[in-house]
Amino acid sequence: MSSDLIMSDHMSDVVLKVPHGGYSWRFAVHSAILAAKSHKFREMLEERADDPFPTSITIIGMQPDTMLQILKYLYLNEYPAEVTADIVKNSERFGLRHLKEHLEELSLQNLTIADACYLLEGLEIQQYFVKDCVVKAACMSVIENFAYVVFSSDLVLGFSRNVLLKILESNDLNVPDEAIIFRGHLAMGSKILQPN
């Protein structure tokens with residue numbers, strides 16, 4: 001039944017608008033399904049209960065693809081195949097505990113060095129500051145354990161200054177000597193100073 005309703009205007013009573021890249025992506029949804037599956041969506045809908053035209057809710061700070069993944073989870077109980085910083089943050093934001101737990105499990109199963117770097121940077125960009133974030137802790141652990149690889153390759157070039165500083169604050173970086181870290185800094189500095 002829910003599979004017939006997802007992304008269908010049929011009997012939908014709310015439109016979720018997700019602004020991104022100059023466009024406003026629209027998702028026709030059913031308030032009963034959202035309210036039943038997420039207390040945060042229920043709160044949002046209840047806030048608009050007195051509104052004579054509560055037909056649209058704008059969701060700021062989410063990628064359209066993430067909204068689609070969340071709706072597939074809410075309607076079909078279908079989990080995403082890939083873990084992104086945006087979906088980790090928004091599963092927490094909308095109180096989707098089972099989805100968040102699944103994402104944590106999935107990220108821990110297949111976490112490569114490159115994935116750890118990408119996810120940690122993404123979580124920092126999203127300003128996802130949950131203290132007990134399993135995904136963030138796992139990413140940091142992988143980066144610490146493979147710091148030699150990270151700082152000897154182009155992976156270090158993908159970090160923002162803030163993430164790099166957090167990594168450097170760690171006392172657990174696994175490198176034979178600090179020259180490796182210095183070379184990584186040098187490569188990053190060269191990238192920043194290169195003219196476009």
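If you're matching positions, the sequence shown starts at 1 in the UniProt record's numbering and goes up one per residue.
By construction, the Cβ of each residue, glycine as well, lies at the ideal position given by its N, Cα and C atoms.
Can you name the residues that DSSP bridges to S24?
Within the sequence shown, residue 24 is the residue found at index 24, counting from 1. In the DSSP output, where bridge partners are listed per residue, S24 has P19.
Tell me the residue span of the beta strand (DSSP E) that contains T58.
If you number the sequence shown from 1, residue 58 lands on position 58. S56 to T58 is the extent of the beta strand (DSSP E) around T58.
May I ask you to list the residues that DSSP assigns as paired with V14?
Position 14 of the sequence shown, counted from the first residue, corresponds to residue 14. Paired residue(s): V29.
Report the three-state DSSP secondary structure of M1 (helix, strand or coil).
Within the sequence shown, numbered from 1, the residue matching residue 1 stands at position 1. The predicted position of M1 is uncertain, since its pLDDT is 47 and thus under 50; a value taken from the coordinates is nonetheless stated next. M1 falls in the coil class under three-state DSSP.
Determine the burial state of M1: buried for a count of at least 16 other Cβ atoms within 10 Å of its Cβ, exposed for fewer.
Along the sequence shown, one-based indexing puts residue 1 at 1. Model confidence at M1 stands at a pLDDT of 47, short of 50, so the residue's coordinates are unreliable; what they give is reported in the following sentence. By the neighbour-count rule (16 or more Cβ atoms within 10 Å), M1 is not buried but exposed.
Under 9 Å, do D154 and A179 count as touching if we go by C-beta distance?
Taking the sequence shown and counting its residues from 1, one reaches residue 154 at position 154. Taking the sequence shown and counting its residues from 1, one reaches residue 179 at position 179. No, these two residues do not count as a Cβ contact at 9 Å.
Quick check: what's the CA-CA separation for S31 versus N145?
As a first step, residue 31 must be located in the sequence shown, where it is residue number 31. As a first step, residue 145 must be located in the sequence shown, where it is residue number 145. Taking the straight line joining both Cα atoms gives about 46 Å.
Determine the contact status of L123 and C139, defining contact as a CB-CB distance below 9 Å.
Within the sequence shown, residue 123 is the residue found at index 123, counting from 1. Within the sequence shown, residue 139 is the residue found at index 139, counting from 1. Taking 9 Å as the Cβ cut-off, L123 and C139 qualify as a contacting pair.
Measuring only the C-alpha atoms, how far is I113 from V150?
Taking the sequence shown and counting its residues from 1, the one referred to as residue 113 is at position 113. Taking the sequence shown and counting its residues from 1, the one referred to as residue 150 is at position 150. C-alpha separation (whole angstroms): 8 Å.
What residues in its chain sit with their C-beta under 8 Å from that of V15, if we drop five residues either side in the sequence?
Along the sequence shown, one-based indexing puts residue 15 at 15. Cβ within range, chain order: R26, F27, A28, V29, T55, S56 and I57.
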